[in-house]
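The number in my numbering is simply the position in the sequence shown, starting from 1, with 20 added. Every residue gets a Cβ at the ideal spot worked out from N, C-alpha and C, and that includes glycine. Just so it is clear, the structure is predicted and the values come from calculations on it, not from any experiment. The structure appears below as C-alpha coordinates.
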Amino acid sequence: ILENAIIITSTDGSGVVRVGSSVKVESKNGTQTFAIVGAAESDPAKGFISNESPLGAAFLGHKKGDSVDARTPKGVTEYKILEVK
(Lines of atoms letter the chains of each structure in order from A; the text may use other names.)
(Lines give C-alpha, C1' and ligand atoms only; values in the text may rest on other atoms or scores of the structure.)
Protein backbone atom coordinates (compact mmCIF):
# COMPACT_ATOMS: atom_id res chain seq x y z
CA ILE A 21 0.00 0.00 0.00
CA LEU A 22 2.78 2.45 0.89
CA GLU A 23 4.57 1.91 -2.43
CA ASN A 24 1.50 3.14 -4.29
CA ALA A 25 0.50 5.90 -1.85
CA ILE A 26 -0.14 9.40 -3.13
CA ILE A 27 -0.01 12.26 -0.64
CA ILE A 28 -2.78 14.82 -1.10
CA THR A 29 -1.64 18.15 0.35
CA SER A 30 -4.42 20.50 -0.72
CA THR A 31 -7.32 20.93 -3.09
CA ASP A 32 -7.03 22.85 -6.34
CA GLY A 33 -9.57 25.45 -5.27
CA SER A 34 -12.03 24.45 -7.99
CA GLY A 35 -14.72 23.46 -5.49
CA VAL A 36 -15.14 20.06 -7.14
CA VAL A 37 -15.44 17.00 -4.88
CA ARG A 38 -12.45 14.68 -5.11
CA VAL A 39 -10.44 12.43 -2.81
CA GLY A 40 -9.29 14.61 0.08
CA SER A 41 -12.36 16.87 -0.03
CA SER A 42 -14.63 17.59 2.91
CA VAL A 43 -18.25 17.74 1.79
CA LYS A 44 -21.20 19.19 3.73
CA VAL A 45 -24.50 17.83 2.43
CA GLU A 46 -28.19 17.98 3.23
CA SER A 47 -30.67 15.15 2.77
CA LYS A 48 -33.95 13.98 4.24
CA ASN A 49 -31.83 12.75 7.17
CA GLY A 50 -30.50 16.27 7.93
CA THR A 51 -27.11 17.89 7.41
CA GLN A 52 -23.93 15.81 7.46
CA THR A 53 -20.26 16.37 6.72
CA PHE A 54 -18.13 13.70 5.06
CA ALA A 55 -14.44 13.45 4.22
CA ILE A 56 -13.78 11.61 0.95
CA VAL A 57 -10.84 9.25 1.53
CA GLY A 58 -9.29 6.14 0.03
CA ALA A 59 -10.73 2.72 0.86
CA ALA A 60 -8.01 1.90 3.40
CA GLU A 61 -8.81 5.04 5.45
CA SER A 62 -12.60 4.82 5.45
CA ASP A 63 -14.50 4.92 8.74
CA PRO A 64 -18.15 5.76 8.01
CA ALA A 65 -19.00 6.09 11.72
CA LYS A 66 -16.55 9.02 11.90
CA GLY A 67 -17.64 10.55 8.57
CA PHE A 68 -14.71 9.23 6.51
CA ILE A 69 -16.24 7.64 3.41
CA SER A 70 -14.37 5.86 0.66
CA ASN A 71 -14.27 7.24 -2.86
CA GLU A 72 -15.21 3.70 -3.90
CA SER A 73 -18.35 3.53 -1.72
CA PRO A 74 -21.73 4.22 -3.35
CA LEU A 75 -22.04 7.53 -1.49
CA GLY A 76 -18.45 8.65 -2.05
CA ALA A 77 -18.54 7.73 -5.73
CA ALA A 78 -21.80 9.66 -6.18
CA PHE A 79 -20.24 12.86 -4.78
CA LEU A 80 -17.06 12.76 -6.90
CA GLY A 81 -16.92 15.38 -9.63
CA HIS A 82 -19.81 17.44 -8.25
CA LYS A 83 -19.69 20.93 -6.71
CA LYS A 84 -21.55 23.20 -4.30
CA GLY A 85 -25.22 23.54 -5.20
CA ASP A 86 -25.43 20.23 -7.07
CA SER A 87 -28.06 17.66 -6.18
CA VAL A 88 -26.78 14.10 -6.20
CA ASP A 89 -28.75 10.86 -6.10
CA ALA A 90 -26.81 8.17 -4.23
CA ARG A 91 -27.88 4.57 -4.66
CA THR A 92 -27.15 2.67 -1.45
CA PRO A 93 -28.34 -0.67 -0.03
CA LYS A 94 -31.16 1.26 1.70
CA GLY A 95 -32.33 2.74 -1.62
CA VAL A 96 -31.78 6.02 -3.45
CA THR A 97 -31.27 9.17 -1.38
CA GLU A 98 -31.00 12.68 -2.78
CA TYR A 99 -28.25 14.87 -1.33
CA LYS A 100 -27.69 18.59 -1.95
CA ILE A 101 -24.06 19.68 -1.69
CA LEU A 102 -23.86 22.71 0.58
CA GLU A 103 -20.08 23.14 0.84
CA VAL A 104 -16.86 21.64 -0.53
CA LYS A 105 -13.51 22.18 1.17
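{"query": "Same chain, Cβ closer than 6 angstroms to Ala59, five either side skipped, listed in chain order", "result": "Ser70 and Glu72"}
{"query": "One or two residues paired with Glu23 in a DSSP bridge", "result": "Glu23 is not bridged to any residue."}
{"query": "Bridge partners - Ala55, DSSP secondary structure assignment", "result": "Ser42 and Phe68"}
{"query": "Own chain, CB closer than 8 angstroms to Asp86, minus 5 neighbours either side, in chain order", "result": "Lys100 and Ile101"}
{"query": "Whole-angstrom distance between Val57 and Lys66, CA atom to CA atom", "result": "12 angstroms"}
{"query": "Continuous alpha helix (DSSP H) stretch holding Leu75: start and end", "result": "Pro74 to Phe79"}
{"query": "8 angstroms contact criterion, which Ser62 and Lys105 should meet: CB distance rounded", "result": "In fact, because the Cβ distance is near 18 angstroms, the residues do not count as touching under 8 angstroms."}
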